[in-house]
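In order, the protein sequences belong to chains G and P.
Under this note's numbering, the first residue of the first sequence carries the number 1, and numbering increases by one thereafter.
Under this note's numbering, the first residue of the second sequence carries the number 1001, and numbering increases by one thereafter.
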Amino acid sequence: MTPTGTTSRTSMVAARATDLSKVYGEGETRVVALDGVSVEFRRAEYTAIMGPSGSGKSTLMHCMAGLDSVSAGSARIGETELASLKDKQLTQLRRDKIGFIFQAFNLLPTLTAAENITLPMDIAGRKADQQWLAQVIATVGLADRLSHRPNQLSGGQQQRVAVARALASKPEIIFADEPTGNLDSRSGAEILGFLRNSVRELGQTIVMVTHDPVAASYADRVIFLADGRVVDELHDPTSDGVLERMKRFDAKGRTS
Amino acid sequence: MFRTALRNVLAHKARLLMTVLAVMLGVAFVSGTLVFTDTIGDAFKKSSAKSYENVSIAVKPGFAARSTGTAGQDERPQLTQRQLDTVRALPGAASATGSVSGFTAVADKDGKLIGNGWSTRGGNYSAGKDGTDSRYALTDGRAPQKPEEVAVDSKTADRADLQVGDTVRMSVNGPVMHQTVTGVFDTDDGNVAAGGSLVLFDTATAQKLFAKPGQYDEIDVRAAPGTSQAVLKAEAEKALPEGTEIVTGQKLADEEAAQISQAMSGLNTGLLVFAGIALFVGIFIIANTFTMLVAQRTKELALMRAVGASRRQVTRSVLIEAFVVGLTAAVVGLVTGIGIAVGMRSLLGTTGATMPDGPLVVAPGTIMASLVVGVAVTMLAAWLPARRASRIAPVAAMSSVHAPATTRSLVLRNTLGALLTGAGIALVLAGVGMGMDSGKLPLGAGGGLLLIGVFVLTPLLSRPVIAAAGPLLRPFGVTGKLARQNSVRNPRRTAATASALMIGLTLITGLTVIATSVQKGIDRIAADSIKADYTISMVNRVNGLSPEVAKTLSGLGDVTASSPMREAWIELGGGDHPVTGVNTRSIAQLVNLDFTSGSIGGLGGTTVVVDDKTAKDGGWKVGDALPTVYDDKARGTLTVGGIYQGNNILNGVLVDTATLDPHLSKISDTQVMVKTADGASAATKDAIEKALGDNPAIKVQDKADISNEAGGMISMMLNMLYGLLAMAVIVAVLGVINTLAMSVFERSHEIGMLRAIGLDRRDVKRMVRFESLLISLFGAVLGIGLGVFLGWAAGRLIAGGMDTYTMVLPWDRIAIFLGGAAVVGVLAALWPARRAARLNMLSAIKAE
Chain G
1 MTPTGTTSRT SMVAARATDL SKVYGEGETR VVALDGVSVE FRRAEYTAIM
51 GPSGSGKSTL MHCMAGLDSV SAGSARIGET ELASLKDKQL TQLRRDKIGF
101 IFQAFNLLPT LTAAENITLP MDIAGRKADQ QWLAQVIATV GLADRLSHRP
151 NQLSGGQQQR VAVARALASK PEIIFADEPT GNLDSRSGAE ILGFLRNSVR
201 ELGQTIVMVT HDPVAASYAD RVIFLADGRV VDELHDPTSD GVLERMKRFD
251 AKGRTS
Chain P
1001 MFRTALRNVL AHKARLLMTV LAVMLGVAFV SGTLVFTDTI GDAFKKSSAK
1051 SYENVSIAVK PGFAARSTGT AGQDERPQLT QRQLDTVRAL PGAASATGSV
1101 SGFTAVADKD GKLIGNGWST RGGNYSAGKD GTDSRYALTD GRAPQKPEEV
1151 AVDSKTADRA DLQVGDTVRM SVNGPVMHQT VTGVFDTDDG NVAAGGSLVL
1201 FDTATAQKLF AKPGQYDEID VRAAPGTSQA VLKAEAEKAL PEGTEIVTGQ
1251 KLADEEAAQI SQAMSGLNTG LLVFAGIALF VGIFIIANTF TMLVAQRTKE
1301 LALMRAVGAS RRQVTRSVLI EAFVVGLTAA VVGLVTGIGI AVGMRSLLGT
1351 TGATMPDGPL VVAPGTIMAS LVVGVAVTML AAWLPARRAS RIAPVAAMSS
1401 VHAPATTRSL VLRNTLGALL TGAGIALVLA GVGMGMDSGK LPLGAGGGLL
1451 LIGVFVLTPL LSRPVIAAAG PLLRPFGVTG KLARQNSVRN PRRTAATASA
1501 LMIGLTLITG LTVIATSVQK GIDRIAADSI KADYTISMVN RVNGLSPEVA
1551 KTLSGLGDVT ASSPMREAWI ELGGGDHPVT GVNTRSIAQL VNLDFTSGSI
1601 GGLGGTTVVV DDKTAKDGGW KVGDALPTVY DDKARGTLTV GGIYQGNNIL
1651 NGVLVDTATL DPHLSKISDT QVMVKTADGA SAATKDAIEK ALGDNPAIKV
1701 QDKADISNEA GGMISMMLNM LYGLLAMAVI VAVLGVINTL AMSVFERSHE
1751 IGMLRAIGLD RRDVKRMVRF ESLLISLFGA VLGIGLGVFL GWAAGRLIAG
1801 GMDTYTMVLP WDRIAIFLGG AAVVGVLAAL WPARRAARLN MLSAIKAE
């Protein structure tokens, strides 16, 4: 299925998958995780990827973010074809152009919150834009927690540090993998609010993998995956709409 | 429970490999040592038994009531030809051989001495009824028959490339002899086996050289068939004068075997000490590994507790695991050890030391010791982690993070460590204050306590010491910073890992400091106390030089001053004292003596000078007249003319040779000192050697030669110790690898995250490498610090017995040790760093 918006200019696209396939194993153990996925992630748009477990949503994110190799087809960040990059260049691309928020293990326990936030820039040996940094920290409300180490922060605060880190280096695109999976609903809502605001107010591009309809309802667009293919898409979703769509997978899963 | 434990062992094969290696190395060293010494000892015993095979009884002259003077050996009553004939005629004797032997130096084709001077011997070829000597089997040529003929042993012939018909230069006591080689023989003589040489003269010549014509110093008798050694001994006792020593061959063989056992046990103890060190270091690694295994298995163990396993069962499961690991390692170690023993033997063979051949001896005791040591050490090391495992609360199974070590236990640990360290330092300092003899024990005990104390304190020390390295890592940015923080994240583990290296380096540094300082002291003795350009002595230093040597040297044109050192014993002021006869006119130009009272000027005639220690012991003062009894029982009086500070070169009573000589039955000099007009030079040395007839039995040494001779021993010993201590370092390296592998494993999520947000593989590798470097250098810095301190303390004790001892810090060596530790760090990080860099990012960042 071809998503809508093919007419938009390429410069409007932050990342694009074309006929993207990912196959694990060989012979009898062969598993097709992605089966010819074509999808575009537009700039300043908040996209959620949903699907039942095993649908390939995480694999799609990993391939798009340069964390995993591609079996066939193409994955691009901006105009850069990921398959053409060597490990070192891929690492640099992740460092300079991509922000990450994982479900857990986002932070280094030995570094303070502030040090964790500037870590990608420190690795690159770049100076952080202090004004921007202050704005990001203020936005996520961490100004009084900067010298704390991760084990002195609550789970919600830790994820806010992770959000700040992803935003701090002004990446072209942020990939978030179940960012609220380990949080209570109030902290989760906070994080999702920050992400949506960063898209609305700062023009950030975000791709988020989730299985939570409430989380998905914060996005501008939801892409549904099943069996390694894009099967549907919702714009300006509500949590009820997403839930309804998901229920159909469940029904299908039970009847087939 | 046993099945669970066994499964755990198998499940963590790779992880346990380091532990197995550590135990294995220690056990291999233990078993290798035991097998090696058993094998060599057994071979020596067999060889000595073989050499007494043909000796039923040995007859030796009885010792004189009191042997006085260095010439005592020569004054020993000898066995006569008549006695040999008497013994031969005994009804129980099949044959009897009279032998004479003594020091004989043989020169190779370049005029250099063959062997080391200690085991170069000469003897007599005593043909029996069949015309051959059963002790020596001729392989080439014939037996010596004329005074200018000799036979040489085959090993010496090989070494010097001697053939029948060649002329060989040799010396027994005085003049150089040019002998013709008439034969080459095989022998199991112990001196030859030990790397010496044996030349045989015909009996008459040998008697003239080593004893007096017609005399023997031993008669070996072979019993007639049917006569026992005891019966033959009884017969001989009746026929020979009272006081003659008669020993059965069996007893001789037994005595030699006992001597060999004793010599071997010394070697054994030395090697086992190092095995002990290796095992001690191994304990840290094993404890470390099991601590980590337990920590990793917290959930699993908690689950077992939750489903009903008792504390004791949990402890036991860990201990069983340790038992299996220990046993495996011990068996592998035992086998490796046997290999090491074989290797050591052939290695010694290639260095020229000749060892008798024999079968490999693996005693049941060796097997037992190896297994017990391996298993006991492993279980001991695993005991604490096992107890810790049993304390894991069942609820830990549900929580996702394991509890960090409480600060309280570190407080306790630091207090204990501080107490131990303090006590150790106090004991060491107390030992230093006590002096050489009584200070040794407190120093050793204090050193041990200090080492343990610092080990206990290492977690506390790790933070400040590693923080101090921070500025060095700054250029490496975030990688360096992360490495520094990672290395102090688990202070206990870092401490245990670094301690293993610390112990090895403490010993290495301490020994190096002592050896360098002693070497410096020796150099100073030679430089400070000897003014002579050359010192001339016999190569074995035991035999004396004939007085001709001193005479020849004093007549040389270049020589401006010379004096013999003529050793004798005389009764002085009621007690026996060693005295040194010197040339009173020259002695002040040849040695440096500091007089505390009186002066060298008083020396001469019946006036002597004595060293401070002898004077103090005898309560003598300058001007005291001492009643004297000379060696020949003549009486006289000697007056103390001065008291000087004795040193390692010259001490005791110095007396005019002119006063001493008339009372000596045989004059022999331990050395002759010489000063020349032009100073020491190759030409002067050549001239002296030439004047002495290029005698292989005499060595001419300048000051540098003297310090090198003593120093050579020290550096050889030091190199051997380095080799042995390298074991401890290898075990420590395994520990570093182990710790890093664990760190990488535990931090796989973190590393995965770092890779995802942009740390490339090279940086990940570098991060692990830096961590390894920091841990290694931390251990090295502690070890070197401790080693210097203990080396200083031991040096204070040595200085008590060696005036010229000066503490020297061998900076070059210390730099090498630090560099070595850095290399160790980098090498140890190779594999863990690769693993870290290859870590699968995706599995690392997935939750759970």
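The C-beta atom is built at its ideal place from N, Cα and C for all residues, glycine as well.
- Judged by beta-carbon spacing, L1626 of chain P lies within the 8 Å limit of L1572 of chain P, meaning their Cβ atoms are closer than that value.
- Counting along the chain, the unbroken beta strand (DSSP E) around H235 of chain G starts and ends at 229 to 235.
- No Cβ of chain G is located within less than 8 Å of the beta carbon of V1314 of chain P.
- Excluding sequence positions up to five before and after T1205 of chain P, its CB lies within less than 6 Å of the CB of P1147, all in the same chain and listed in chain order.
- Among the CB atoms of chain G, none fall inside 8 Å of the CB of N1719 of chain P.
- Residue-level contact by beta carbon fails for T80 of chain G and chain P, as no gap is shorter than 8 Å.
- Per DSSP, A1211 of chain P is not a residue of any beta strand (DSSP E), being assigned neither H nor E.
- Among the residues facing chain P, H148 of chain G is not included, as its CB has no counterpart in that chain under 8 Å away.
- Residue contact with chain P for Q92 of chain G: present (Cβ-Cβ distance below 8 Å to some residue of chain P).
- For the pair R1489 of chain P and G1480 of chain P, the CB atoms are not nearer than the 8 Å cut-off.
- Within chain G, no C-beta atom comes less than 9 Å from the C-beta of E1321 of chain P; the nearest is roughly 30 Å away.
- Around the beta carbon of S1047 of chain P, 16 or more other beta carbons sit within 10 angstroms, so the residue counts as buried.
- Bridge pairing for K1699 of chain P: P:S1537 [DSSP].
- Within 8 Å of the CB of G1374 of chain P, no CB atom of chain G is found; the nearest one sits about 38 Å away.
- Against chain P, a Cβ distance below 7 Å from D122 of chain G picks out G1477, V1478.
- Within the stretch 53 to 86 of chain G, the residues whose Cβ lies closer than 7 Å to some Cβ of chain P are H62, L67, D68, listed in chain order.
- By the Cβ neighbour-count rule, Y24 of chain G is exposed, with fewer than 16 other Cβ atoms within 10 Å of its own.
- Residues of the same chain with a CB within less than 6 Å of the CB of M1264 of chain P, apart from the 5 flanking positions on each side, are T1037, G1041 in chain order.
- N1486 of chain P counts as buried, since no fewer than 16 other beta carbons sit within 10 angstroms of its beta carbon.
- For R248 of chain G, no Cβ of chain P is located within less than 8 Å of the residue's own Cβ.
- Using a CB distance below 8 Å, the part of the stretch 1739 to 1760 of chain P facing chain G consists of H1749, E1750, G1752, M1753, L1754, R1755, A1756, I1757, G1758, L1759, D1760, ordered along the chain.
- Beta-bridge partners assigned by DSSP to E1245 of chain P: P:K1060.
- In the three-state scheme derived from DSSP, where H, G and I count as helix and E and B as strand, F1036 of chain P is classed as helix.
- When DSSP states are grouped into helix, strand and coil, M1177 of chain P belongs to the strand group.
- In chain order, L1724 place their CB closer than 6 Å to the CB of F1274 of chain P, counting only its own chain and leaving out the 5 sequence neighbours on each side.
- Annotation: V1314 of chain P to A1022 of chain P spans about 25 Å, alpha carbon to alpha carbon.
- Secondary structure at P1627 of chain P: strand, using DSSP grouped into helix, strand and coil.
- Counting the other CB atoms within 10 Å of its CB gives I1816 of chain P a total below 16, which places it among the exposed residues.
- F1274 of chain P carries a helical assignment under DSSP once its states are collapsed to helix, strand and coil.
- Under the DSSP assignment, E1750 of chain P falls in the alpha helix (DSSP H) whose first and last residues are 1748 to 1756.
- For R1489 of chain P, the residues of chain G that pass the 7 Å Cβ criterion are T110, in the order they occur in the chain.
- Residue contact check for L1842 of chain P against chain G: a CB pair falls below 8 Å.
- CA-to-CA, the gap between I1798 of chain P and L1443 of chain P works out to about 12 Å.
- Take F102 of chain G, set aside five residues on each side of it, and the residues of its chain with a beta-carbon closer than 6 Å to its own are D177, in chain order.
- According to DSSP, Q1671 of chain P shares a beta bridge with P:S1537, P:M1565.
- The beta carbons of G155 of chain G and E190 of chain G sit no closer together than 8 Å.
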